[in-house]
Structures are given as structure tokens and as C-alpha cells.
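Peer 1: Structure provided below as C-alpha cells; questions to follow.
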Amino acid sequence: MKVHFKGMRIVCHVVWVWVLFINPIYGQQIDHQARNPIIFSDVPDLSMIRVGETYYMSSTTMHMNPGLPLMKSKDLVNWKMIGYGHHALSDMDELNLDDGKNTYGRGSWASSLRYHNGTYYVSTFAQTTGKTYIYSTQNIEKGPWKRTEFKPALHDHSLFFEGDQIYMVWGGGQINIIELLPDLSGVKPETQRVLIENATLPTTPLGKQGGLPAEGSQLFKVNGKYYLFNISWPPGGMRSVIVHRADQLHGPYEGRVVLQDKGVAQGGLIDQPNGKWYAYLFQDYGAVGRIPYLVPVQWIDDWPVLGSDGQVPDVLDLPASKGLIPHLVNSDDFDRKGGEPALPLVWQWNHNPVADLWSVSARKGHLRLKTGRVDQQFSQARNTLTQRTFGPTCTGSTAIDIANMKDGDFAGLSLLQKNYGLVGVRMDGGKHFLVMVNAMTGAEEEVAHIPLHQKKVYLKANCDFTNKKDMATFFYSLNGKEWVPIGPQFKMSYTIPHFMGYRFGLFYYATKTVGGFVDFDYFHISP
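Spelled out as C-alpha cells, the structure:
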């Protein structure tokens with residue numbers, strides 16, 4: 105048999121040229137220009153500002169704690185976590201996963217980030233508490249933050265400053281405006297007005313029923329005119345960007361559709377020091393979540409014109425992405441040096457954690473999780489520590505010392521959403537078993553059960569979000585080198601009850617007796 109190595113080399117070379125330089129998804133790490141999506145991970149409900157030559161962005165993480173993530177960038181493409189707006193919205197059963205309650209899909213929603221007279225403001229609202237929150241500081245990276253809160257919860261609001269007056273614009277379908285008290289502690293009486301009676305009209309004519317009414321308000325003032333961005337999802341259509349324009353803050357406003365392409369919508373405007381403009385938006389992309397896009401903007405007749413011939417471009421005239429690691433997701437060996445935070449900013453807890461039931465100092469180089477109560481299902485277990493998954497493909501892995509588990513305990517690695525998947529170790533009758541739990545139908549089912557005869561085990565989950573494939577595979581290893589698939593392939597699905605892309609999670613809970621603990625040696629994440 106003859107082997108034509110030269111021909112094989114040519115084929116391989118062509119394939120790698122396609123992968124690295126032509127394919128818009130796989131090439132984003134090494135190309136010379138940025139490509140959409142700019143972040144292939146769940147960073148929805150963007151709000152963005154520029155202060156000097158630095159960009160800042162806030163987003164939504166709902167039931168996660170800490171919440172209201174804050175990021176910065178020098179080029180609009182490569183973003184770094186710098187903090188959170190809050191470390192706990194409130195101490196209540198829904199946020200604590202107590203008494204069988206939870207706040208999946210609620211918590212804090214769309215935020216508004218603003219800079220005014222030397223002070224940074226980021227505001228959000230929470231269905232869980234029924235309140236609106238405003239956090240302010242003169243140093244967005246170091247704080248301290250001042251917190252004010254008031255009722256009601258103003259849905260999808262936009263914070264807006266006009267001279268010495270402070271407003272919020274909010275609503276769904278009917279868009280309202282209200283003035284706040286000077287100290288931000290509440291609403292100024294008798295200031296509520298209807299700004300736009302039916303902001304959905306540009307996409308959905310009168311009499312047509314269904315769809316998503318205009319929401320996600322973000323208000324901007326450019327060259328003396330006011331521009332209100334909203335999203336609408338007309339029946340039978342796609343997510344669309346609507347802009348209303350006025351010469352006066354209180355109107356009248358005229359509206360038009362400025363983008364209908366690929367379902368990329370909801371966001372606002374950002375300008376660069378060189379005078380170029382972009383719209384920051386996001387796209388629903390299956391199980392990985394809602395992923396950010398940038399769309400170039402031109403100004404024609406005092407209207408923002410989005411896209412290239414009305415389409416969202418794949419390539420942008422911006423620096424290439426360097427990847428999400430280490431600034432938005434990252435590996436962690438849990439080995440802390442003096443002065444370092446207990447947990448880097450890439451981590452978030454599922455709901456409010458119990459502080460005395462976790463530690464990175466009890467055993468050097470390990471995350472220790474302890475049980476303090478009995479739970480019967482993973483989604484109600486406290487102290488699950490999470491990070492985002494990302495696309496097009498990603499892998500998360502960990503190693504666990506299970507020597508101190510108690511009977512009925514379950515510890516492992518999760519892919520967290522309503523229809524979750526778990527791989528881990530369950531102790532039953534004094535014996536340890538490797539198990540895979542599949543809840544992709546909404547009901548928890550144990551689909552693998554393998555006896556385990558050692559005290560340390562290695563676990564891994566691979567995710568494939570390519571073209572919304574949304575498939576995951578779980579593995580285990582007895583030595584950290586040779587990996588064995590466990591259970592069937594897991595179909596991930598984005599659900600509204602959780603309203604969030606899938607997350608890797610490190611979990612441990614008791615079903616019979618409290619007092620056990622496990623030690624996670626590391627968490628490694630990679631494309």
C-alpha cells in the first residue's frame with residue numbers, strides 16, 4: 105500500500121487554513137480582527153459606557169451570588185471581570201434555597217450602567233424582592249459602593265441623568281418615565297408619565313396579537329436628541345431592535361425598526377474615542393445562553409443605522425479576541441497566597457452561600473465543601489460553586505477526595521440548568537458509587553451506577569455548542585489520565601424557568617446525615 109504523505113500534508117494545511125483563518129467561530133482566537141459573537145458565553149442584558157479610553161459593562165446573572173457582574177475593556181472585545189454590584193440582594197428563603205424555595209430565573213435582572221459627574225452608577229431590579237436597586241461609587245474597580253433601594257421593581261429600566269434631575273425609563277409595551285429623589289432613595293411623587301403608549305408598533309401593527317412587547321429600554325442622548333432602544337419579538341418574526349427618537353426628553357417620540365437579523369437584539373449604543381459607533385446587542389444561542397454581539401453604527405439623517413446593509417457582520421474592525429480565559433472563566437487550583445481573595449471573580453455561587461460550610465484554607469490547595477442540612481435534590485442544594493460554560497466547545501474537570509463523606513451524601517461536577525446533568529460519587533450503604541444523573545427531561549434519573557473502591561476520583565464534562573448542537577458527555581477517571589465515558593450523551597436545553605446558560609458547578613449535599621465534607625483538588629476549564 106502506498107501512502108502519499110505529501111498529499112496528506114497539503115490536505116492538512118488546507119484544513120488548518122480553513123479552521124484558523126476562514127471559519128468565523130474557530131478562527132476567533134488567532135485571527136487579526138474581532139469576530140462575532142464577541143463573547144461566546146452567557147453575558148446577557150448588556151449595559152455599556154465609556155469613560156475616557158476605558159469601556160465598562162454590566163450584565164445579568166439573576167439567581168447567582170455575587171450578582172450584577174461588572175467588566176472592563178480597552179478595545180470592546182477583550183473583557184475582564186472587575187467586580188459585582190451586590191454580594192447579596194437580601195436574606196430570604198428564596199435567595200437562600202431555604203424551606204424548599206428558590207429564585208431560579210428571577211433574582212436581579214437587566215441592569216443600567218451610567219457615569220455622571222465623576223460617579224459610577226449601576227442599577228437593577230428584582231422580582232424576588234419587588235425592589236429597584238442603585239449602587240454608586242467613585243471607583244468602579246475598588247469601591248466602596250453605596251447601596252440604595254426602593255419599591256417598586258421598575259422592569260428593564262434605564263437610568264438617565266438630565267442636568268440635576270435623575271430619571272428612570274421602564275416598562276413593556278407601554279414605556280414610562282419617572283423622576284427619582286436626589287438621593288436616589290425612591291421615586292419623586294407625581295412624576296410618573298407615559299413616554300410612549302405603544303412602543304411595539306414599529307414591529308407589530310395594531311390588532312396583531314402575541315409576541316414580545318417592546319422592553320429592555322436603554323436611553324441615550326446624542327447631539328441633543330434622545331434615542332430610546334428597545335427589543336421586540338413580533339409574532340412569526342424574530343427578535344428586533346426598535347429605536348424611538350425625540351427632540352425633547354418627554355417626547356413626542358417617533359420610532360422605527362433599525363435591525364432584524366439573526367435575532368441579534370436588545371442593548372444600546374457605545375462610541376469610541378476615534379468617533380466610531382457600535383451597538384452592543386446579544387443573541388439567544390441555545391444552551392450556552394445569550395451571547396454578546398457588536399454591530400457597527402452609522403448616523404444618517406440623525407438616525408442610527410445598524411449593521412452592514414442591515415446585516416450583522418461576522419468580522420469587525422476591532423482587535424481580535426484573546427479568548428475568555430483567564431478573565432471571564434478560569435481554572436483554579438484553590439491554592440491561595442497571602443492577600444488573595446478566597447474566590448476569584450470568575451466564580452459565582454448558586455443562590456446565597458452558607459459561609460461556614462465552605463473553605464479554601466481548611467486544607468491547603470483544596471476547596472472544602474461541608475454539609476449542614478439534608479436535601480433531596482441537587483437544585484435545592486446550597487453552596488454549589490459555578491462558572492459559565494462557553495462555546496463553541498469547552499471542558500470542565502475536577503478531582504475530589506471523598507474519604508470523609510457520610511452515607512447518603514452526593515458530590516461531584518454538574519452542568520447546571522433546570523434540566524441538569526451530574527457526574528459524581530454517591531455514598532450508599534457505606535459504599536461509594538460513581539453515578540451519572542440525567543435530568544434532561546425535567547425529572548432526575550440515575551443512568552449509571554458503578555462501584556468505586558478508592559478515595560480520590562477525577563470527573564470531567566465536555567460541552568459542544570457548535571451550531572446549537574448542545575450536547576455534553578460526562579467522564580470519570582481513576583488516575584486523572586485515562587478517561588471513561590459514563591452514562592449516555594446529555595442533551596442540554598435552555599429553559600425559561602432558569603433563564604441562564606449552562607454552568608459548570610462543584611456540588612456536595614447530604615440526603616441522610618449532615619457533618620460530612622469533601623475536598624475538591626482543582627477545577628480546570630479549557631476550550
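According to the numbering used here, the sequence shown is numbered sequentially starting from 105. Just so you know, even glycine gets a beta-carbon here, dropped at the ideal spot from N, CA and C.
#1: Straight-line CA distance for S321 to D260?
#2: Got a sec? Which residues, its chain only, sit under 7 Å from Q133 by beta carbon, not counting five neighbours each side?
#3: Tell me whether the beta-carbon of A303 lies closer than 8 Å to the beta-carbon of I335.
#4: Would you mind stating whether P457 and K522 have Cβ atoms separated by less than 8 Å?
#5: Count the CB pairs spanning the segment 181-197 and the segment 399-410 that are closer than 8 Å, and state whether there are at least three.
#6: For the beta strand (DSSP E) that N542 lies in, which residues bound it at each end?
#7: Which of helix, strand or coil does DSSP assign to S227?
#8: Taking P377 as the reference, give the member of S163, I153 and F144 with the closest Cα.
#9: Cα separation between S262 and F608?
#10: In terms of residue numbering, what span does the beta strand (DSSP E) encompassing E283 cover?
#11: With a CB to CB cut of under 7 Å and the five nearest residues on each side skipped, what residues in its chain are close to P631?
#12: Can you list, in chain order, the stretches of the beta strand (DSSP E) that have 3 or more residues and sit fully within the segment 305-369?
#13: Could you tell me if I244 is buried or exposed, where buried requires 16 or more neighbouring beta carbons within 10 angstroms of its beta carbon?
#14: Kindly indicate the opening and closing residues of the alpha helix (DSSP H) around N200.
#15: If you reduce the DSSP assignment to three classes, tell me which class V450 lands in.
#16: Do V147 and P423 come within 8 Å of each other at the CB atom, strictly closer than that value?
#17: At the level of alpha carbons, what is the spacing between T252 and G234?
#18: Between V107 and G500, what straight-line distance do the alpha-carbon atoms span, to the nearest angstrom?
#19: Counting along the chain, where does the beta strand (DSSP E) carrying S162 start and finish?
#20: Using a Cβ cut-off of 8 Å (strictly closer), state whether T207 contacts chain B.
#21: When you compare the segment 440-454 with the segment 485-494, are there three or more beta-carbon pairs, one atom per stretch, that lie closer than 8 Å?
#22: Using the Cβ count rule (16 or more neighbours within 10 Å means buried), how would you classify D406?
#23: Span of the beta strand (DSSP E) holding I554?
#24: Starting from K255, follow the beta strand (DSSP E) in both directions and report where the run begins and ends.
#25: If you draw a straight line from the alpha carbon of R467 to that of F569, how long is it in whole angstroms?
#26: Alpha carbon to alpha carbon, what distance is there between V181 and H348?
#27: For Q484, which of helix, strand or coil comes out of DSSP?
#28: Using the three-state DSSP reduction, which class does A638 fall into: helix, strand or coil?
#29: Roughly how many angstroms lie between the CA atoms of H167 and L193, to the nearest whole one?
#30: Would you kindly work out how many angstroms separate the C-alpha atoms of D625 and G516, rounded to a whole number?
#31: Roughly how many angstroms lie between the CA atoms of P173 and T165, to the nearest whole one?
#32: With a threshold of 16 other CB atoms inside 10 Å of the CB of L310, please say whether the residue is buried or exposed.
#33: How many whole angstroms separate the CB atoms of Y580 and Y562, which I take to be in contact at a CB cut-off of 8 Å?
#34: Assuming L473 and F621 form a contact by the criterion Cβ under 8 Å, report the distance between their Cβ atoms to the nearest whole angstrom.
#35: Taking the C-alpha atoms as reference points, what is the distance between K292 and I282?
#36: Is the beta carbon of A614 less than 8 Å from the beta carbon of M596?
Peer 2: Looking at the atomic coordinates:
#1: 6 Å
#2: In this predicted model, Q133 has a pLDDT of only 46, less than 50, meaning its place in the structure is not dependable; the value taken from the coordinates is given anyway. S425 and G427.
#3: no
#4: no
#5: no
#6: K535 to N542
#7: strand
#8: I153
#9: 31 Å
#10: Q278 to E283
#11: T497 and C498
#12: 316-326, 329-337, 344-350 and 358-363
#13: Buried, by the Cβ-count rule.
#14: Residues D197 to N200.
#15: coil
#16: Contact: no.
#17: 14 Å
#18: Bear in mind that the predicted position of V107 carries a pLDDT of just 40, short of 50, making it too unreliable to give a figure here.
#19: T158 to S162
#20: No chain B is part of this structure, which consists of one protein chain only.
#21: yes
#22: exposed
#23: E549 to L556
#24: In this chain, K255 is not harboured by any beta strand (DSSP E), its DSSP state being neither H nor E.
#25: 36 Å
#26: 27 Å
#27: DSSP places Q484 within a helical segment (H, G or I) once states are collapsed to three.
#28: Since the first and last residues shown for the chain are 105 and 631, residue 638 lies out of range.
#29: If you take the alpha carbons of H167 and L193, they lie about 10 Å apart.
#30: 12 Å
#31: 7 Å
#32: exposed
#33: 7 Å
#34: 7 Å
#35: 8 Å
#36: no
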